[in-house]
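Participant: Numbering (this note's numbering), first residue to last: 20 to 450.
1. For residue 433, is the classification buried or exposed, using 16 other Cβ atoms within 10 angstroms of its Cβ as the cut-off for buried?
2. Would you tell me roughly how many angstroms separate the C-alpha atoms of residue 387 and residue 303, rounded to the nearest one?
3. At the level of alpha carbons, what is the spacing between residue 223 and residue 217?
4. Would you say residue 256 and residue 264 are within 9 Å of each other, going by their C-beta atoms?
5. Buried or exposed: where does residue 180 fall if 16 or more other Cβ atoms within 10 Å of its Cβ makes it buried?
6. In the stretch 172 to 207, which residue ranges form an unbroken beta strand (DSSP E) of at least 3 residues, counting only runs that do not cross its ends?
7. Do residue 354 and residue 310 have their beta-carbon atoms positioned less than 9 Å apart in this structure?
8. In three-state DSSP terms, what is residue 261?
9. What residue from 184, 137 and 147 has the CA that sits closest to residue 155's CA?
10. Mapping DSSP to helix, strand and coil, what is residue 345?
11. Please confirm whether residue 234 and residue 188 have their CB atoms less than 9 Å apart.
12. So what does DSSP say about residue 251, is it helix, strand or coil?
13. Buried or exposed for residue 116, going by 16 or more other Cβ atoms inside 10 Å?
14. Can you tell me whether DSSP reads residue 66 as helix, strand or coil?
15. Run through DSSP, which three-state label would residue 139 get?
16. Note the first and the last residue of the continuous beta strand (DSSP E) segment covering residue 462.
17. DSSP beta-bridge partners for residue 134?
18. Do residue 274 and residue 340 have their C-beta atoms within less than 9 Å of each other?
19. May I have the straight-line CA-CA distance separating residue 437 from residue 329, to the nearest angstrom?
20. Three-state secondary structure (DSSP) at residue 89?
21. Hey, residue 260 and residue 240 are a contact pair by Cβ (cut 8 Å); roughly how many whole angstroms apart?
22. Short of 8 Å in beta carbon distance, which residues of its chain neighbour residue 439, apart from the five on each side in sequence? Order them along the chain.
This is the structure in structure tokens:
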């Protein structure tokens with residue numbers, strides 16, 4: 020059988036889906052505003068639907084492909100969206116703050132003494148000593164200048180997950196897997212108070228900067244607020260999380276308590292009422308670390324970290340600002356910021372990254388090395404903290420050691436140039 024200029028097709032539900040992408044045939048409707056007559060034959064319908072530019076019926080005027088283009092897409096929809104994205108990207112790159120140059124950091128001391136994983140660290144407000152807590156159930160106090168051991172405290176029956184040193188009293192607070200929160204009097208070197216209330220291990224704690232208040236969080240999904248002047252007095256039980264509370268942050272102004280949890284949320288709490296006033300759901304995995312700049316005048320914002328992601332939020336309402344401009348592919352368990360705007364983040368794979376706080380630029384990537392005699396899998400970092408001056412960094416590691424870092428004084432912008440690339444929308448998580 021020979022076919023004419025019109026090519027009838029078989030009866031099918033969606034003829035346009037059978038069009039070959041390499042063909043010039045265009046699925047057009049010659050009369051899109053008028054309903055077709057039900058009396059017309061199937062062959063006539065198919066003939067109207069498929070028109071080949073090389074075989075156009077004589078009864079109809081030639082069809083200009085350029086004129087027919089608007090039939091297939093909404094006029095200017097994708098093009099206007101692309102133009103808007105391009106304009107926003109250019110504005111973002113033009114207005115993004117340029118990072119400040121920082122010297123790279125290097126290890127200058129390795130301290131040994133613990134018999135288990137070193138899980139927590141805190142500095143004395145006078146900057147004369149720092150303390151570390153370990154899986155060996157001891158707390159050790161070290162001299163900052165020499166790195167020598169000054170004192171060992173025993174009393175916990177589980178690994179010590181969190182430490183905090185008060186700037187208002189000579190107190191040291193510790194918490195661990197044994198459900199206990201202890202207050203140590205450093206003038207007597209003994210426990211003077213224990214706070215009971217958590218139903219499981221206590222993973223995080225934070226002292227309020229201006230009030231005699233201690234906030235603790237743990238596996239029971241509750242943040243508990245304690246009055247440190249009294250014995251075992253719980254002020255609030257902040258409930259709302261659905262999983263382990265593994266990171267806490269306290270501030271002198273509202274929100275005075277910020278918590279991160281394994282339920283992937285960050286909650287901002289009203290400490291006076293004991294209730295949450297905002298819940299942030301931007302993370303997709305456990306929020307294991309929180310931090311903010313030690314100087315509030317450097318930007319009223321905070322950062323939160325989960326697996327592969329670090330995000331910054333504005334305060335007091337918690338509006339999302341941007342993601343950090345690089346992706347640290349590990350479970351980020353700790354982060355800290357000094358007054359110079361250097362943020363350090365550590366991963367469970369031993370990675371230690373340094374960032375410019377304001378711009379989110381990653382200027383150094385380091386990898387810790389397990390000490391001789393340790394397993395290769397023990398090249399992990401569990402906790403880190405800057406000293407009061409911000410010139411020293413202490414990391415607590417899985418190889419049972421404590422490493423101290425400082426900036427390289429010989430580095431210059433010429434030897435370590437600032438390789439900064441302005442971000443696009445995907446980098447900062449806008450779209």
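Backbone N, C-alpha and C fix where the C-beta goes; we use that ideal spot for every residue, glycine too.
Facilitator: Put simply:
1. exposed
2. 27 Å
3. Looking at the two C-alpha atoms, the distance is approximately 12 Å.
4. no
5. buried
6. DSSP runs (the beta strand (DSSP E)) wholly in the stretch 172 to 207: 179 to 184, 190 to 195 and 200 to 204.
7. Cβ distance < 9 Å, so residue 310 and residue 354 count as in contact.
8. coil
9. Comparing Cα positions, the closest option is 137.
10. coil
11. no
12. For residue 251, the secondary structure class from DSSP, reduced to helix, strand or coil, is coil.
13. Taking all protein chains in view, the Cβ of residue 116 is surrounded by fewer than 16 other Cβ atoms within 10 Å, so the residue is classified as exposed.
14. Caution is warranted here: a pLDDT of 38 is assigned to residue 66, below 50, making its placement in the model unreliable, and the coordinate value is therefore given only provisionally. It is helical.
15. strand
16. Residue 462 falls outside the range modelled here, since the chain spans only 20 to 450, and no answer is possible.
17. Answer is none; residue 134 lacks a bridge partner.
18. no
19. 21 Å
20. With a pLDDT of 39 at residue 89, under the threshold of 50, the modelled position of that residue is not reliable, and the figure given next carries that caveat. If DSSP states are grouped into helix, strand and coil, residue 89 belongs with the helices.
21. 5 Å
22. 117, 118, 378 and 380
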